[in-house]
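Colleague: Numbering (the numbering used here), first residue to last: 971 to 1181. For each residue, glycine too, the CB sits at the ideal point set by N, CA and C. My questions will all concern the structure given below.
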């Protein structure tokens, strides 16, 4: 049963940012297990009946191709996938709680499907309305974008800003809210995910087209 996210989880990541080493991790592994991973697992289980089964990400960084060789992530993420690379996200870190949703992965096929949908007058206008509604509800619209327009797209395309996207997300950060240690945290994530559900559903349908 989810009872909240202990402030010890936020303190853990603040300390990890200062000392991202195996010795620190080993000495504080019990804090991670009890105050980070266990609450995240319980949170996803609480949300599962409405959104589906979630995945708790591994705490270890993939440093094979990175100049930054610090071994551990300074956050704990959880993801409910609706299609490969599309779904709902929640994260614990030193700042507090972060919730998001949308289209994250961007294979050429996925980007092609996304842009075809944006280019379509009916579906493209739907997306414009969904993005506007999510933004007006207090979410930040993000994602990887091109600095210039995609090849073959006209300069005066009515949805050029969306055509530039290679991924599209909505997100909100809760900075150490006073309810984070209580069951209300699950309600807040649930409410946020519900707010972005129409956008995630649109992206799920588009990215999953033909599967």
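Over what stretch of residues does the beta strand (DSSP E) that includes residue 1082 continue unbroken?
Modeller: For the purposes of this step, residue 1082 is taken as residue 112 along the chain shown, with counting starting at 1. First-last for residue 1082: 1078-1089, but that is the alpha helix (DSSP H), not the beta strand (DSSP E).
Colleague: At a cut of 8 Å, does the region 999-1010 reach the region 975-986 through at least three beta carbon pairs?
Modeller: Contact holds: three or more Cβ-Cβ distances are below 8 Å.
Colleague: Going by the beta-carbon positions, is the gap between residue 1076 and residue 983 smaller than 8 Å?
Modeller: Within the chain shown, residue 1076 is the residue found at index 106, counting from 1. Within the chain shown, residue 983 is the residue found at index 13, counting from 1. Going by C-beta atoms, residue 1076 is not nearer than 8 Å to residue 983.
Colleague: Buried or exposed: residue 1059, going by 16 or more other Cβ atoms within 10 Å of its Cβ?
Modeller: The count along the chain shown starts at 1 and reaches residue 1059 at position 89. The residue in question, residue 1059, is buried, as its Cβ has 16 or more Cβ neighbours within 10 Å.
Colleague: May I have the straight-line CA-CA distance separating residue 1109 from residue 1119, to the nearest angstrom?
Modeller: Position 139 of the chain shown, counting from 1, holds the residue named residue 1109. Position 149 of the chain shown, counting from 1, holds the residue named residue 1119. If you take the alpha carbons of residue 1109 and residue 1119, they lie about 25 Å apart.
Colleague: Please confirm whether residue 1115 and residue 1134 have their CB atoms less than 8 Å apart.
Modeller: Looking up residue 1115 in the chain shown gives position 145. Looking up residue 1134 in the chain shown gives position 164. Yes, Cβ-Cβ distance for residue 1115 and residue 1134 is below 8 Å.
Colleague: Would you say the region 1050-1059 touches the region 1021-1032, given that touching needs at least three Cβ pairs under 8 Å?
Modeller: The region 1050-1059, when compared against the region 1021-1032, does touch it at the 8 Å Cβ threshold.
Colleague: Take residue 1071 as the anchor and find which of 1083, 1047, 1086, 1131 has the nearest alpha-carbon.
Modeller: Against the chain shown, residue 1071 aligns to sequence position 101. Selected option, being the one with the closest Cα: 1047.
Colleague: Comparing alpha-carbon positions, which option in 987, 1064, 1166 lies nearest residue 1141?
Modeller: To locate residue 1141, count along the chain shown from 1; it is residue 171. Of 987, 1064, 1166, the residue nearest in Cα terms is 1166.
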